[in-house]
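Trainee: Input: one structure, supplied below.
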Amino acid sequence: MDSIMRGIEFLYNNFWKIGLIVIAVSMTVYFTQKLIREAHLNRRLIKFQKKMRHVQFTFKTKRLAGFSLMIVLPALVVAFAFILIRPTSMQYDNHITNITSAEDIFAIYDNYHQKITANVFRATAQDSVGALEDSSPSVPSLNIGIDEPDLVKTDGQYLYVLSEDQLTIILTTEDNVGVHKRISLLLNDAPDLMFYPIGLYVDETRVIVVGNSYEYAYYYDVNRGFQPEFGQGSSVIVRVFDKLDDFTLSDEYVMKGVLSQALKTSDNMVFMIKRAIPFSEGRPNLDDYLPSIKINDSVVESEYKDVLYIEGTRPNGFISVVNINLQQRDVEMKVFFGDCNVEFLVSNEAIYMASVSYKFLEASDMFIVSNPISETRTAISKFSYANAKVEYLDTVMVSGRLISGGSMHTSEGYLIVTTMDEGDVVNNRLYILSEDLSIASTLDRVTDGAYINSVYFIGDCAYLVNQEMGESLHAVNLINPLQPYIEDRLQIPKFSMYFHRLNHQNMIGIGFSDSLDEGVIDSLKVTLYANDGSCAFDTLHTDYILFSDYGYASSEALYNHRAFLYSEIHGKTIFPLNMYDYRPLTRHKSGLIVLEIDAQTGIDFHRFIQHEAETKMYPRYRAMIIDNRLFSISDQYVQVVDLENLDVVLYTIKLYENN
Amino acid sequence: MFKLKVPKHKRNALKEQLKIVDSAVYDYVLTTETDQVEAGKINIVFDEEHIDKINNLLDAIVKGEDTFVSVFNEIGQKNIEARLIQYFIVEADDVIAVSGKTRFIVKMKLYELEEMLEHKQFIRISKYAIVNINKIDYIKPALNSKLILQMKNGDEVEVNRHYYKAFKHTLRV
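Chains as they are written, first to last, in our numbering: chain A, 1223 to 1881; chain B, 9 to 181.
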């Protein structure tokens, strides 16, 4: 029955093509039969006449030629028609093709979507025709040595706090703590642009603020008047403040698109930016979407000839890897036309870009088939950023799609990638790629068919886990990247979400829990694990943070390692905590929880730090330790306490002049 | 009509030279060996050096077995060899014999001609026509089990579908 339905579906989707082929084949068969029959009859006639010694055969050249033409012509017409309608095929060199014009881009888009969406019965589930805007950067890797942006930074002398519309610079000397400067981040020359900070970087001479701005259009509502409407325009704004000139704004870089990731090395910054193209609105003017960078008052634009396309990737926007030399104010870009759902991994030596790539059936070029995808792959591209230059190196394809954000990791120069094939049996694979992206080793069926939605890389271990089901934690030992092996299948408590390594022996996990009523999330759980250097770990202690019988707790540390602070010297673990309660009244508390964690004594609740004067509804908290003082930062206040005695508040600083 | 009985290594060459088609039913045996003659048949024993004369002899045998048909035209009456007639056709109650580009009236019924010329390679192709198979230049199949016979004089006659099977049988198709 399924085969019959597929046959009907195929005929319906390719009606005129099938019809043309049927007519051509019928004509060819008919005329071939006619020719054979005629030849046979006349051969017999000649034989008969020979018997009677009356042979005078004349070769009917014209008739034979006519027949041959009628036999061949339909096939020629069909072949010609199919060549005409066959989409222009791009030539790929190691999965990459160069684009030369806007027409090439439209050709790639049309070719891709003709395969994916032309089936009137069903479009392939993987496709999302519209562009995808990413409003927040993905959580970057945990590679040590990479300077990551954060909302709070310190250089020992100052504390830098980035909020929505302001950079606050706070002096943090022992005898003087106070606001040194407040710098507004509002875009005064473009009031319709909202600025959303992503993070800041601090080096010896600069403070660099990175954020996205979104363009709002307004529409008129008869009841409410003019209302803002989210538009397509968004930009990455980088502002460089000169420390040596009392934090004066020295440069501003504006790049169209949304920031995916950023990294900084001494005088260089590299940005990975995505810019969606609204193909769903028709044929846009692609010149308006080509990546460009505005450096103060000048503009550097990319050209079509600089754009590359990776075979089989979803064509919905431009992805740029932009290198800015902050000293020289030079920029260079590597631009790809492809999938804005791309993921990046930044290591000490390279940048890796991964996106889903489909391998299509050959027949899907000519016919609409129910499932045109013969294989789902992940395309991994490598860039180097050594010597202040971004250079595209190579692209490789591996089978399956990345499991989730964080599925890539580097170790000793190798790139480790985890993918999943969702065929009849789920196959989770681990690929170890060498520096030249050749596959050095592979581990197949890591989870024996279990579905995985998260991957963690901690040290020399990879952990594949299904967080919702609370199934086994599959640990893969990567001490020798060329010979990875599954070390153990560990049962973890349900709902464990995020792991932080405290030291070589211990790891802490933070997650939701159902401490009171099984199946009902009502608390946050903190678990201390012991680890002997292998990938396996034992549960030492577990504690629950419960607000009330009718509430639940959450923390930014569940998904952002930068919100988690551990000081081995002081024996303190600090992270933000939000607690909610619904009965009898709705209430909440936000602040920082301070724990003392010891392998012997366990998890000890020490203090909950809250800024009582904070008036924002759901304030965001961070912690910073400077010289034996704990700085707790919320949206409106910074409070300084003595680490030895958290009851002693040394300073309370308003971030805004009029809080 | 003829059967060729010669050593195997000479057979194809002699067959080509003498323009012979072997028949299952034959009256004449042609051979280069006296011990190959068959009883009850007309045997012709020959030397290879007399191929041309044998060809003339065979032509005479074929032509000599021909039948004459009495025909009329505006000039008068004459007898012509049946082998020279392309086809007979009925037109407006007259039976017409077509020979080359000339048309003659025949004072016989079509069925009488059919009986008389049955063994002379004439075959009925429709209610109104009889053709000389030896005068067919080309056969063109048409739709609906019909055949168009292009005659050597350029005329075209049609084999009716009711006579199609018999026609094919005659040609051993």
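Positions of the beta carbon are idealized from the N, C-alpha and C atoms, including for glycine.
(1) Can the beta-carbon of L1814(A) be found less than 8 Å from the beta-carbon of I1796(A)?
(2) On the DSSP letters alone, give me the boundaries of the beta strand (DSSP E) that G1241(A) sits inside.
(3) Just to confirm my understanding: we take R1723(A), look at its own chain, exclude 5 residues before and 5 after, and list those with CB closer than 6 Å. What are they?
(4) Excluding sequence positions up to five away, which residues of its chain have a Cβ less than 6 Å from the Cβ of D1760(A)?
(5) Which of the residues in the segment 1260–1276 of chain A, read from start to end, lie with their CB under 8 Å from any CB of chain B?
(6) Are the beta-carbon atoms of Q1861(A) and K1876(A) separated by less than 8 Å?
(7) So is R19(B) buried or exposed if we call it buried at 16+ other beta carbons inside 10 Å?
(8) May I ask you to report which of helix, strand or coil DSSP gives V1862(A)?
(9) Evaluate the contact criterion for the segment 1461–1474 of chain A versus the segment 1393–1400 of chain A: three or more CB pairs, one atom per stretch, below 8 Å.
(10) Determine the direct distance from the alpha carbon of T40(B) to that of M124(B), and round the result to whole angstroms.
(11) Using a cut-off of 7 Å between C-beta atoms, extract the partners of K1284(A) located in chain B.
(12) Report the option in V106(B), P15(B), Q25(B) and K160(B) whose CA atom is closest to the CA atom of N64(B).
(13) Compare the C-beta of L179(B) with all C-beta atoms of chain A and state if any pair is closer than 8 Å.
(14) Assuming G1288(A) is part of the alpha helix (DSSP H), what are its boundary residues?
(15) For R1623(A), which residues from the same chain have a beta carbon less than 7 Å from its beta carbon, with the 5 sequence-adjacent residues on both sides left out?
(16) If we define contact as Cβ-Cβ less than 8 Å, is M124(B) a contact residue for chain A?
(17) Sort out for me which residues DSSP pairs T1470(A) with in a bridge.
(18) With DSSP run on the structure shown, which of helix, strand or coil describes S1592(A)?
(19) Just tell me which of V1383(A), L1665(A), F1559(A) and F1417(A) has its CA closest to the CA of H1402(A).
(20) Report the three-state DSSP secondary structure of E1709(A) (helix, strand or coil).
(21) Thinking just about the alpha-carbon of each residue, which of L1466(A), L1481(A) and S1472(A) is nearest to the one in S1457(A)?
(22) Quick one: Cα of S1435(A) to Cα of M1416(A), how far?
(23) Below 7 Å between beta carbons is the criterion; list the residues of the segment 14–33 of chain B that meet it against any residue of chain A, in chain order.
(24) Need the endpoints of the beta strand (DSSP E) that N20(B) sits in, please.
(25) I need the straight-line Cα distance from V1557(A) to V1544(A), nearest angstrom please.
(26) DSSP three-state label for Q44(B), please.
(27) Would you call the segment 1230–1248 of chain A in contact with the segment 1280–1299 of chain A, where contact means no fewer than 3 C-beta pairs closer than 8 Å?
(28) Going by C-alpha distance, which of D1682(A), A1662(A), S1660(A) and V1687(A) is nearest Y1673(A)?
(29) Anything in chain A within Cβ reach of Y146(B), meaning under 7 Å, just list it in chain order.
(30) So, H1631(A) versus A1684(A), is the Cβ gap smaller than 8 Å?
(31) Nearest chain A C-beta to Q44(B) closer than 8 Å, yes or no?
(32) Determine whether the Cβ of I141(B) lies closer than 8 Å to any Cβ atom of chain A.
(33) Which residue or residues does DSSP assign as beta-bridge partners of H1833(A)?
(34) Measuring CA to CA, which of K1284(A), T1250(A), A1303(A) and L1373(A) is closest to M1292(A)?
(35) Which chain A residues are close to D35(B), counting only those with a beta carbon under 8 Å from its beta carbon?
(36) By the three-class DSSP mapping on this structure, what secondary structure does E1778(A) have?
Mentor: Let me lay it out:
(1) Position 592 of the first sequence, counting from 1, holds the residue named residue 1814(A). Position 574 of the first sequence, counting from 1, holds the residue named residue 1796(A). Yes; because the gap between Cβ atoms is below 8 Å, this pair is in contact.
(2) In the first sequence, residue 1241(A) corresponds to position 19, counting from 1. For G1241(A), there is no enclosing beta strand (DSSP E); the residue is found in the alpha helix (DSSP H) stretching over F1237 to K1273.
(3) Locating residue 1723(A) in the first sequence gives position 501, counting from the first residue. Taken in chain order, the residues that qualify are I1680 and M1729.
(4) Counting from one through the first sequence, the residue named residue 1760(A) turns up at place 538. Excluding residues within five positions, the ones whose Cβ falls inside 6 Å are A1752.
(5) Near chain B, meaning a CB-to-CB distance below 8 Å, the residues of the segment 1260–1276 of chain A are E1260, H1262, L1263, N1264, R1266, L1267, K1269, F1270, Q1271, K1272, K1273, M1274, R1275 and H1276.
(6) Your numbering for residue 1861(A) matches position 639 in the first sequence. Your numbering for residue 1876(A) matches position 654 in the first sequence. In this structure, Q1861(A) lies away from K1876(A), with their beta-carbon atoms at least 8 Å apart.
(7) As a first step, residue 19(B) is located in the second sequence; it is residue number 11 there, counting from the start. Per the 10 Å Cβ criterion, exposed.
(8) Position 640 of the first sequence, counted from the first residue, corresponds to residue 1862(A). Note: V1862(A) maps to strand in three-state DSSP.
(9) The segment 1393–1400 of chain A and the segment 1461–1474 of chain A do not touch, with fewer than three beta-carbon pairs separated by less than 8 Å.
(10) Taking the first residue of the second sequence as 1, we reach residue 124(B) at position 116. Taking the first residue of the second sequence as 1, we reach residue 40(B) at position 32. Each residue's Cα considered, the two are about 36 Å apart.
(11) Reading the first sequence from its first residue, position 62 is the one you call residue 1284(A). Those do not exist, as K1284(A) stays about 12 Å from chain B at its closest Cβ, beyond 7 Å.
(12) Within the second sequence, numbered from 1, the residue matching residue 64(B) stands at position 56. Nearest C-alpha to N64(B): Q25(B).
(13) For the purposes of this step, residue 179(B) is taken as residue 171 along the second sequence, with counting starting at 1. It does; some Cβ of chain A falls within 8 Å.
(14) For the purposes of this step, residue 1288(A) is taken as residue 66 along the first sequence, with counting starting at 1. Residues T1283 to I1307.
(15) Taking the first sequence and counting its residues from 1, the one referred to as residue 1623(A) is at position 401. Its chain contains V1578, T1598, T1600, T1641 and M1642 as the residues whose beta carbon lies nearer than 7 Å to that of R1623(A), once the 5 sequence neighbours on both sides are disregarded; these appear in chain order.
(16) Counting from one through the second sequence, the residue named residue 124(B) turns up at place 116. Not a single CB atom of chain A sits nearer than 8 Å to the CB of M124(B).
(17) Within the first sequence, the letter at position 248 stands for residue 1470(A). For T1470(A), which the question treats as bridged, DSSP gives the partners D1464(A).
(18) For this step, residue 1592(A) is matched to residue 370 along the first sequence. In the structure shown, S1592(A) sits in coil (DSSP, three-state: anything other than H, G, I, E or B).
(19) For the purposes of this step, residue 1402(A) is taken as residue 180 along the first sequence, with counting starting at 1. For H1402(A), the nearest C-alpha among the options comes from V1383(A).
(20) Taking the first residue of the first sequence as position 1, residue 1709(A) is located at position 487. It is a strand residue.
(21) Taking the first residue of the first sequence as position 1, residue 1457(A) is located at position 235. The shortest CA-to-CA distance from S1457(A) to any of L1466(A), L1481(A) and S1472(A) is the one to L1481(A).
(22) Residue numbering aside, residue 1435(A) sits at position 213 when the first sequence is read from its first letter. Residue numbering aside, residue 1416(A) sits at position 194 when the first sequence is read from its first letter. Each residue's Cα considered, the two are about 5 Å apart.
(23) Listed in sequence order: K27, V29 and S31.
(24) Counting from 1 along the second sequence, the entry for residue 20(B) is found at position 12. N20(B) -> not in any beta strand (DSSP E); alpha helix (DSSP H) instead, spanning K16 to L26.
(25) If you number the first sequence from 1, residue 1557(A) lands on position 335. If you number the first sequence from 1, residue 1544(A) lands on position 322. Taking the straight line from one Cα to the other gives about 8 Å.
(26) As a working note, residue 44(B) is residue 36 in the second sequence. Assigned with DSSP and collapsed to three states, Q44(B) falls in helix.
(27) Touching, yes.
(28) If you number the first sequence from 1, residue 1673(A) lands on position 451. When C-alpha distances from Y1673(A) are compared across D1682(A), A1662(A), S1660(A) and V1687(A), the shortest belongs to V1687(A).
(29) The residue you call residue 146(B) lines up with position 138 of the second sequence. Neighbours of Y146(B) on chain A, chain order: N1264 and K1282.
(30) Residue numbering aside, residue 1631(A) sits at position 409 when the first sequence is read from its first letter. Residue numbering aside, residue 1684(A) sits at position 462 when the first sequence is read from its first letter. Less than 8 Å divides the Cβ of H1631(A) from the Cβ of A1684(A).
(31) Residue 44(B) sits at position 36 when you count from the first residue of the second sequence. Chain A places no beta carbon closer than 8 Å to that of Q44(B), leaving this residue out of the contacts.
(32) Along the second sequence, read from residue 1 onward, the residue named residue 141(B) stands at position 133. For I141(B), a Cβ of chain A is located within less than 8 Å of the residue's own Cβ.
(33) Here residue 1833(A) refers to the residue found at position 611 when the first sequence is read from its first residue. When beta bridges are read from the DSSP output, H1833(A) appears opposite no residue.
(34) Taking the first sequence and counting its residues from 1, the one referred to as residue 1292(A) is at position 70. Considering only alpha carbons, the answer is T1250(A).
(35) As a first step, residue 35(B) must be located in the second sequence, where it is residue number 27. Near D35(B) there are no residues of chain A at all, since even the closest Cβ is about 12 Å away, more than 8 Å.
(36) Along the first sequence, read from residue 1 onward, the residue named residue 1778(A) stands at position 556. Helix, per DSSP.
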